[in-house]
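Here is the structure we will look at.
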Ligand SMILES: NC(=O)c1ccc[n+]([C@@H]2O[C@H](COP(=O)([O-])OP(=O)(O)OC[C@H]3O[C@@H](n4cnc5c(N)ncnc54)[C@H](OP(=O)(O)O)[C@@H]3O)[C@@H](O)[C@H]2O)c1
């Protein structure tokens, strides 16, 4: 599975393991978070070519790190960049804006930060409450005609909003939360994606690292973690028990549990690529191995039986 795949009908060819770049502006030795430019260079060296960023990741810092790193190393042509916009600061308050004027300005700003003439995939990051979806997508279609973006995506849209946005079949990719603890997208919209040749990219694939296999009953949780429902019993013990049931697959494939989870998502027809967030080069390198794993049909069925679609983190 390690060859490149095409994202929906966009024509973009990407490595199925992308780099989720929301943490790359947070370099901090105390949390073992490395400088994002180093992770990016290492990732490209190892064959990764798909980078997922957004204006709101560090208020432009993630995009700037990516732009600087690619420019300095003359690597723009080697990567596929996806970025997103919709967030606007108004009098210091964060709001959402999908107006054609705002999205057009946001694309220009992202182009500057990324130091490039084109963005491969531009998503509306979140829907706003007032702009008709067809108008917002119309603005992106014009930017596509001008060659400033190459394909169009939406993120965090409801099913009704996706259908409204796709009325002229302009949507190439949808990005939404999907993981073994929240499979709502699968039951609701996967069939629509299939019928409309839309690629689905799941975000939050490890659910705060819970599905990355590093937690057990002995793990010392931080106060912040303990305040979150997924780290509270009985939910926490339930999740750990389920994760333990699929650990033997990681042993069979001699890999980390997180790669079994990624390979499972990639076994879905509409999921062409995944974008795990990596805090450092080690995590990124480990996650790249998922592209080599081809789970059997029975193994996929087994994982689905351990994490039935009805299991949803409250
Ligand atoms: N469209 C949207 O609205 C939206 C929203 C959220 C995210 N995203 C995108 O999705 C990407 C991924 O989301 P995410 O970072 O929030 O969640 P995630 O991928 O589910 O989790 C990332 C975390 O998993 C852990 N991890 C990753 N690789 C690991 C490995 N090999 N071994 C052990 N642990 C590992 C790390 O946890 P530790 O930090 O504990 O080490 C890492 O910070 C983001 O970078 C972003 O590009 C999009």
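Residue numbers (the numbering used here): 9 to 322.
Cβ coordinates follow ideal geometry from the N, Cα and C atoms, glycine included.
How about residue i and residue j: are their beta carbons less than 8 Å apart?
i, j, result
"residue 29", "residue 44", "yes"
"residue 265", "residue 258", "yes"
"residue 81", "residue 49", "yes"
"residue 122", "residue 147", "no"
"residue 91", "residue 127", "yes"
"residue 83", "residue 283", "no"
"residue 287", "residue 40", "yes"
"residue 214", "residue 269", "yes"
"residue 295", "residue 59", "no"
Going by beta carbon distance, what residues of the same chain come within less than 7 Å of residue i, once the five residues before and after it are set aside?
i, result
"residue 106", "94, 132, 135, 136, 139 and 144"
"residue 201", "182, 208 and 278"
"residue 12", "21, 22 and 23"
"residue 51", "27 and 292"
"residue 227", "none"
"residue 46", "289"
Span of the beta strand (DSSP E) holding residue i?
i, result
"residue 151", "From DSSP, residue 151 is part of no beta strand (DSSP E) but of the alpha helix (DSSP H) over 141-153."
"residue 163", "160-163"
"residue 223", "Run containing residue 223: none; DSSP gives neither H nor E here."
"residue 244", "Segment 243-260 is the alpha helix (DSSP H) holding residue 244; no beta strand (DSSP E) there."
"residue 90", "88-93"
"residue 103", "101-104"
Quick check on the DSSP output: the alpha helix (DSSP H) that includes residue i runs from which residue to which?
i, result
"residue 108", "108-122"
"residue 172", "167-173"
Excluding five sequence neighbours on each side, which residues of the same chain lie with their C-beta closer than 6 Å to the C-beta of residue i?
i, result
"residue 253", "314"
"residue 271", "298, 301 and 303"
"residue 9", "Caution is warranted here: a pLDDT of 48 is assigned to residue 9, below 50, making its placement in the model unreliable, and no coordinate value can be reported."
"residue 229", "239"
"residue 79", "123"
Less than 8 Å between C-beta atoms, sequence neighbours within five positions excluded: which residues of the same chain meet that for residue i?
i, result
"residue 320", "189, 190, 191 and 192"
"residue 194", "186, 276 and 317"
"residue 163", "92, 131, 132, 133, 134, 182, 183, 184 and 211"
Could you tell me which residues DSSP pairs with residue i in its beta bridges?
i, result
"residue 207", "181"
Between the region 99-114 and the region 160-177, are three or more C-beta pairs nearer than 8 Å? no
Taking 8 Å as the threshold, find out whether the region 155-169 comes into contact with the region 234-251 through three or more Cβ pairs. No, the region 155-169 is not in contact with the region 234-251.
Okay, do the region 62-74 and the region 117-127 touch, 3+ Cβ pairs below 8 Å being the bar? yes
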